[in-house]
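Take a look at the structure below.
Residue numbers (the numbering used here): 5 to 436.
Have a look at this one:
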């Protein structure tokens, strides 16, 4: 083959190459373009200036065909666990995390040091149009394969304008840019709180009636993203997400239970034990997001209608389950207020929530002081009024499992899972 190339192309010449086989030296024909330095020097040593040798029979260098990944909100709770999953399993050729906050201010645990390193991080506000080119441009000139939108406002009980600017506008800005650049899949995080509440698990096609302002704006973002021409969109609607270092729904219950343990009093819930408060572990969320992106790219895009999936464990978690878990972990009595008190609370929810928060916040501060916790932490027993509603969060997650073959590693919220969350708090010096 080398001689044939030399005969037909005057710019090609054949030079001898030294190779060693079982201790003996052989001369083989090496095909070189005019002006190219041989991969092996005249004394038989490898030429350090050349990255790829062209010894006859050697395979060409392997092309890294792993997807490139852009995570908006990469330092948020879900974003950091997605980055960790990608890092630990070596899934991507390149990862960029974009966030408004700096890593040093994000309460990152030690295991995220490499996954969320400065080299992968870009500080930017993705809701601002002038930031988009810097966020999406790569040094290679290529486009991102997978874009995950884990950003947006996650606090409850905010004004509509906060959700419009920080969630809805963010989703549309990055969605339009992803469509313009031909991103293979754009994965939008959403919530299961946008279905009409019912104790029967809600499927993706069931009636929508958001019962939080956060959920109302998430639904609006879903609908507006679906209208963007050329956007390869997939939507994930999640139950209450928990896991190590969580500072949301379950952490509030844990902090409250710790205060009741300190008091030696019974911890009582409003409403009833069968009120659904479905859950899903953050590690399963991270795995599901990746599984979903891979699944999306296996078929011609864009997939129509837009794929929408519920992500929820198989435990069908309820308030009654939470009460049993708090009893088991903290060794406190737990129960439920009767219908009369619950009916009163429904009519006077603002006052009830204010009274509960006033009652709990000072003892929590005292517990932290006694434990010598002087630093600010993300934990608090502060109860959000919006989350105290008599509304079921009940999701049917079978569609995603059937479509993708996904299996949950944390199928149910258990006492062991709760204890692992508390242990993560202790590791960070957050738990009194």
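Beta carbons: idealized from backbone N, C-alpha and C, even for Gly.
Considering residue 273, what are the terminal residues of the beta strand (DSSP E) in which it resides?
Counting from one through the chain shown, the residue named residue 273 turns up at place 269. Per DSSP, residue 273 belongs to the beta strand (DSSP E) from 271 to 273.
Of the residues 361, 64, 119, the one placed nearest residue 82, counting alpha carbons only
Along the chain shown, one-based indexing puts residue 82 at 78. The candidate whose alpha carbon is nearest that of residue 82 is 119.
By the DSSP assignment, the alpha helix (DSSP H) with residue 352 in it spans what residues?
Position 348 of the chain shown, counted from the first residue, corresponds to residue 352. Counting along the chain, residue 352 falls outside any alpha helix (DSSP H), and DSSP gives it neither H nor E.
Per-residue burial, residue 343 [other beta carbons within 10 Å of its own, 16 or more giving buried]
Within the chain shown, the letter at position 339 stands for residue 343. By the Cβ-count criterion, residue 343 is exposed, with fewer than 16 other Cβ atoms from all chains shown falling within 10 Å of its own Cβ.
Uninterrupted beta strand (DSSP E) stretches inside the region 99 to 159 (no shorter than 3 residues):
With a minimum length of 3 residues, the continuous beta strand (DSSP E) runs that stay inside the region 99 to 159 are 125 to 127, 150 to 153.
Distance between beta carbons of residue 223 and residue 230, contact taken as under 8 Å
Mapped onto the chain shown, residue 230 falls at position 226. Mapped onto the chain shown, residue 223 falls at position 219. Wrong, their Cβ atoms sit about 11 Å apart, outside the cutoff.
Beta-carbon proximity list for residue 401, same chain, < 7 Å, skipping 5 on both sides
Position 397 of the chain shown, counted from the first residue, corresponds to residue 401. Counting only Cβ-Cβ distances below 7 Å, and skipping sequence neighbours, we find 314, 315, 316.
Euclidean distance between Cα positions of residue 140 and residue 117
Working through the chain shown from its first residue, we reach residue 140 at position 136. Working through the chain shown from its first residue, we reach residue 117 at position 113. When rounded, the distance between both Cα atoms is 23 Å.
Three-state secondary structure assigned by DSSP to residue 410:
The residue given as residue 410 occupies position 406 in the chain shown. Three-state DSSP puts residue 410 in coil, outside helix and strand.
Taking the alpha-carbon positions, what's the residue 28 to residue 404 distance?
Counting from one through the chain shown, the residue named residue 28 turns up at place 24. Counting from one through the chain shown, the residue named residue 404 turns up at place 400. Confidence at residue 28 is low in this model, with a pLDDT of 39, below 50, so its placement is unreliable and the value that follows should be read with caution. Going from the Cα of residue 28 to the Cα of residue 404 covers about 59 Å.
What residues in its chain sit with their C-beta under 6 Å from that of residue 321, if we drop five residues either side in the sequence?
One-based indexing of the chain shown puts residue 321 at position 317. The answer, listed in chain order, is 281, 282, 283, 417.
Selected residue, minimal CA-CA separation from residue 71, among 302, 275, 337:
The residue you call residue 71 lines up with position 67 of the chain shown. If we check each option's Cα against that of residue 71, 302 comes out closest.
The region 286 to 303 in contact with the region 167 to 185 per 3-pair CB rule at 8 Å
No, they do not touch.
Over the uninterrupted alpha helix (DSSP H) stretch that includes residue 326, give me the two end residues.
The residue you call residue 326 lines up with position 322 of the chain shown. Run containing residue 326: 323 to 334, per the alpha helix (DSSP H) assignment.
Got a sec, what are the start and stop residues for the alpha helix (DSSP H) residue 262 sits in?
Mapped onto the chain shown, residue 262 falls at position 258. Looking at the DSSP string, the run of the alpha helix (DSSP H) that includes residue 262 is 253 to 267.
Determine the direct distance from the alpha carbon of residue 76 to that of residue 87, and round the result to whole angstroms.
Mapped onto the chain shown, residue 87 falls at position 83. Mapped onto the chain shown, residue 76 falls at position 72. Between residue 87 and residue 76, the C-alpha separation is close to 11 Å.
To the nearest angstrom, how far is the alpha carbon of residue 434 from that of residue 185?
Residue numbering aside, residue 434 sits at position 430 when the chain shown is read from its first letter. Residue numbering aside, residue 185 sits at position 181 when the chain shown is read from its first letter. About 43 Å.
For residue 173, collect the residues of the same chain with a Cβ closer than 7 Å to its Cβ; drop the 5 residues on either side in sequence, then sort them by chain order.
Position 169 of the chain shown, counting from 1, holds the residue named residue 173. Within the same chain, residue 173 has close Cβ partners 131.
Looking only at its own chain, which residues have a Cβ that is under 7 Å from the Cβ of residue 374, when we skip the five neighbours before and after it?
Locating residue 374 in the chain shown gives position 370, where the first residue counts as 1. If we look at residue 374 and ignore the five residues flanking it on each side, its Cβ neighbours are 436.
Among 249, 318, 406, which has the Cα closest to the Cα of residue 384?
As a working mapping, residue 384 is identified with position 380 in the chain shown. Out of 249, 318, 406, 249 has the C-alpha closest to the C-alpha of residue 384.
With DSSP run on the structure shown, which of helix, strand or coil describes residue 91?
In the chain shown, residue 91 corresponds to position 87, counting from 1. In the three-state DSSP reduction, residue 91 falls in the helix class (H, G or I).
Given this structure, state the Cα-to-Cα distance separating residue 67 from residue 245, to the nearest angstrom.
As a first step, residue 67 is located in the chain shown; it is residue number 63 there, counting from the start. As a first step, residue 245 is located in the chain shown; it is residue number 241 there, counting from the start. Each residue's alpha carbon lies about 37 Å from the other.
Residues in its own chain within less than 6 Å of residue 265 by CB, not counting five upstream and five downstream?
Within the chain shown, numbered from 1, the residue matching residue 265 stands at position 261. Counting only Cβ-Cβ distances below 6 Å, and skipping sequence neighbours, we find 334, 336.
Using the three-state DSSP reduction, which class does residue 340 fall into: helix, strand or coil?
Here residue 340 refers to the residue found at position 336 when the chain shown is read from its first residue. It is a strand residue.
With DSSP run on the structure shown, which of helix, strand or coil describes residue 283?
In the chain shown, the residue the question calls residue 283 occupies position 279. In this structure, residue 283 counts as strand in the three-state DSSP scheme.
Let me confirm a value: residue 239 is counted as buried when at least 16 other C-beta atoms fall within 10 Å, else exposed. Which label applies?
Indexing the chain shown from 1 puts residue 239 at position 235. Label assigned to residue 239: buried.
As assigned by DSSP and simplified to three states, the class of residue 314:
As a first step, residue 314 is located in the chain shown; it is residue number 310 there, counting from the start. Three-state DSSP puts residue 314 in a strand.
Burial state of residue 323, where buried means 16 or more other Cβ atoms lie within 10 Å
Locating residue 323 in the chain shown gives position 319, counting from the first residue. By the neighbour-count rule (16 or more Cβ atoms within 10 Å), residue 323 is buried.
Taking 7 Å as the limit between beta carbons, can you name the residues of its chain near residue 326, skipping five residues before and five after?
By 1-based counting over the chain shown, the position of residue 326 is 322. So the qualifying residues of the chain are 257, 281.
To which residues of the same chain is residue 413 closer than 8 Å at the C-beta, ignoring the five residues directly before and after it?
One-based indexing of the chain shown puts residue 413 at position 409. In the same chain as residue 413, and ignoring 5 residues on each side of it, the C-beta atoms closer than 8 Å to its own belong to 285, 287, 288, 291, in chain order.
Quick check: what's the CA-CA separation for residue 432 versus residue 251?
The residue you call residue 432 lines up with position 428 of the chain shown. The residue you call residue 251 lines up with position 247 of the chain shown. In a straight line, the C-alpha of residue 432 is about 13 Å away from that of residue 251.
Please check the pair residue 389 and residue 161, which I expect to be a contact at CB under 8 Å, by giving their CB distance rounded to whole angstroms.
The residue given as residue 389 occupies position 385 in the chain shown. The residue given as residue 161 occupies position 157 in the chain shown. The C-beta distance from residue 389 to residue 161 rounds to 6 Å, short enough to meet the 8 Å contact threshold.
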